[in-house]
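J.:
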Amino acid sequence: MTDDPRGALADFLRTRRTRIRPQDVGLEPGPRRRVAGLRREELALLAGVSSDYYQRMEQGRDVRPSDQVLDAIAGALNFSAEETRHLHSLAAAARTPARPARAYPPEEVPETTLRLLRATASPALVVGRFLDMLAWNPLAGALLGAFTELPRAERNLLALLLHPEADRTCPERAATVAELTAMLRAQVAAEPGHPRAVELVGELAVRSTEFATLWARHDVEDTTRGRMRVQHPLVGELNLDWDAYPMPGAPGPVLVVYTAEPGGPDHERLQLLSGLLDAPATPTTSV
35 MTDDPRGALA DFLRTRRTRI RPQDVGLEPG PRRRVAGLRR EELALLAGVS SDYYQRMEQG
95 RDVRPSDQVL DAIAGALNFS AEETRHLHSL AAAARTPARP ARAYPPEEVP ETTLRLLRAT
155 ASPALVVGRF LDMLAWNPLA GALLGAFTEL PRAERNLLAL LLHPEADRTC PERAATVAEL
215 TAMLRAQVAA EPGHPRAVEL VGELAVRSTE FATLWARHDV EDTTRGRMRV QHPLVGELNL
275 DWDAYPMPGA PGPVLVVYTA EPGGPDHERL QLLSGLLDAP ATPTTSV
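Taking our numbering, the leading residue of the sequence shown gets 35, the next gets one more, and so forth.
(1) Can you check whether the C-beta of glycine 298 is within less than 8 Å of a C-beta belonging to chain B?
(2) Run through DSSP, which three-state label would tyrosine 138 get?
(3) Going by other Cβ atoms of all chains shown within 10 Å of its Cβ, with 16 needed for buried, is glycine 94 buried or exposed?
(4) Answer yes or no: do proline 99 and glutamate 76 have a C-beta to C-beta separation smaller than 8 Å?
(5) In whole angstroms, give me the CA-to-CA distance for glycine 71 and leucine 111.
(6) Could you please give the first and the last residue of the uninterrupted beta strand (DSSP E) stretch that includes aspartate 277?
(7) Around the Cβ of leucine 311, are there at least 16 other Cβ atoms within 10 angstroms (buried) or fewer (exposed)?
(8) Starting from alanine 200, trace the alpha helix (DSSP H) both ways and give me its first and last residue.
(9) Would you tell me roughly how many angstroms separate the C-alpha atoms of alanine 278 and leucine 191, rounded to the nearest one?
(10) Got a sec? Which residues, its chain only, sit under 7 Å from serine 123 by beta carbon, not counting five neighbours each side?
(11) Would you list the one or two residues that DSSP bridges to leucine 191?
(12) Taking the alpha-carbon of threonine 118 as reference, which of Ala220, Asp96, His197 and Leu268 has the nearest alpha-carbon?
(13) Per DSSP, what are the beta-bridge partners of leucine 289 in this structure?
(14) When the Cα atoms are used, what is the spatial distance from aspartate 101 to valine 291?
(15) Arginine 263 by DSSP, collapsed to three states: which one?
(16) Considering only their Cβ atoms, is the gap separating phenylalanine 46 from leucine 121 smaller than 8 Å?
(17) Excluding five sequence neighbours on each side, which residues of the same chain lie with their C-beta closer than 7 Å to the C-beta of arginine 251?
(18) Near arginine 129, what residues of its chain come up, given a Cβ to Cβ distance below 7 Å and the 5 sequence neighbours on each side ignored?
(19) Would you grab the beta carbon distance between glycine 162 and glycine 286 for me? Rounded to a whole angstrom, and I think it's under 8 Å.
(20) Do you know whose CA, among Leu43, Pro267 and Tyr88, lies nearest arginine 74's CA?
(21) Which full runs of the alpha helix (DSSP H) of 4+ residues lie inside the segment 78–108, going along the chain?
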């Protein structure tokens with residue numbers, strides 16, 4: 035992970051440019067190409083900017099592209115809406131003068147949200163901006179395993195799935211890790227200097243070659259719903275839908291709730307798991 039906003043912008047553009055084939059954008063590949071994907075001058079031509087200007091962007095030099103230039107580059111690279119937003123975020127950070135380090139208050143779960151966790155019959159947890167698990171109800175703890183016994187710094191959804199034994203309980207672990215890494219990348223771009231972001235990305239990159247490879251791809255996602263398959267040791271396979279609900283106030287933690295189609299086998303297994311719980315029906319917060 036780089037703390038240099040210009041470097042982050044340059045890395046993102048470089049990885050995306052090398053993934054686009056000339057034929058994908060109507061260009062003839064031509065013989066003896068020595069680079070993967072588009073050449074810098076080809077992308078500059080497609081975006082309508084000078085080759086020298088674009089080269090300076092990829093070199094992390096002091097350039098301040100306008101929104102129009104960024105949109106033109108995004109269009110030339112066939113960016114998705116999420117990738118385009120990410121590009122604008124990186125450029126905005128690169129344009130902002132360096133500021134003194136500031137204090138970041140710890141993420142906290144409001145009492146009203148704890149009441150909601152207490153009231154819901156579905157597995158539910160509060161996940162911080164960098165995928166730390168901040169609070170959960172007993173059914174979520176039973177569903178996702180023994181993360182509740184880990185130290186607070188290790189109670190992270192992505193770190194949990196990067197564990198060597200996670201394949202046994204999460205059959206689609208690799209795809210989920212890729213999705214969570216892309217979500218983390220988007221959050222880190224919004225607050226690149228946050229100490230928790232620096233700490234987490236550094237630790238995961240050292241510990242996991244899988245994460246380091248995914249992080250270097252610069253994929254970004256802003257997923258708010260999905261589907262999860264869990265092979266639970268007590269009740270068998272569970273296929274659940276999940277939705278993430280932003281909490282009131284400043285951007286950051288979200289409430290994630292897992293549900294199953296009423297009356298179906300997954301709902302029945304979830305009810306069975308709920309009945310097997312030997313825990314107080316109160317939410318737990320990370321301490």
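Ideal Cβ positions, reconstructed from N, Cα and C, are used throughout, including at glycine. Predicted, not measured: the structure shown is a model, and the values here were computed from it.
T.: Short version:
(1) Looking for chain B here will not work: only one protein chain is present.
(2) coil
(3) buried
(4) no
(5) 11 Å
(6) 270–280
(7) exposed
(8) 200–203
(9) 14 Å
(10) Ala223 and Ala224
(11) Leucine 191 pairs with nothing; no bridge assigned.
(12) Ala220
(13) Val160 and Tyr279
(14) 37 Å
(15) strand
(16) yes
(17) Thr49
(18) Arg98
(19) 7 Å
(20) Tyr88
(21) 85–92
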